[in-house]
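Everything in the sequence shown is counted per the numbering used here, starting at -15 for the first residue and increasing by one.
Just so it is clear, CB atoms sit at the ideal spot from N, CA and C, and this is done for glycine as well.
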Amino acid sequence: MRLLLTRDKDIPPPPTHLYGVLEAGLLVLQTIERPWIPEHGGAPCGEPMVSCVPVGIYDLVLHDTPRHPHTFALLNPALAIYHDPHHIPTNLCGRSECLIHAGNFASQSEGCILVGRGRGVLNGKPDVTDSHNALRDLLALVPWVVGHTLTIV
């Protein structure tokens, strides 16, 4: 399946978050991510742990850990985005374990994409709502197999 994430372009500076819309077939979800922060050495991946991933086309690979079970990780070696930290080439900057998972605030992400059913503001902070159910919706629609892609624009 081909998924599409269209990021909002109208976030006023300085951005604290990026909203987007994730489309998977007929399912439409909201997303929130950390803003883009360039990697200090110029690598295309953005600053590890604090930046969203760059625009591009990613393979979705299977990811299953106790913290983030049964979800997808993004993979695009040309953008220095890897699933496993051991796959990052020696002496090169890269990122790993950039996931799609549940969460409400951009601050709960270490460079991942958080999904929700809606957008809101909680305690003065932008958020996505009903995140766990949104992730369940996504995983019910997108089979947990290899072969899916995510295009981020």
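- For Leu76, there is no enclosing beta strand (DSSP E), as DSSP marks it with neither H nor E.
- Here Thr74 is exposed. Its C-beta has fewer than 16 other C-beta atoms within 10 Å.
- Between Thr133 and Ile41, the CB-CB gap stays under 8 Å.
- Taking 8 Å as the cut-off, the beta carbon of Leu76 is found no closer than this to the beta carbon of Ala57.
- According to the DSSP assignment, Asp43 belongs to the beta strand (DSSP E) that extends over Gly40 to His47.
- Ranked by Cα distance from Cys29, the options Thr49, Arg79 and Gln14 are led by Arg79.
- His52 sits in coil when the DSSP states are folded into three classes, being neither helix nor strand.
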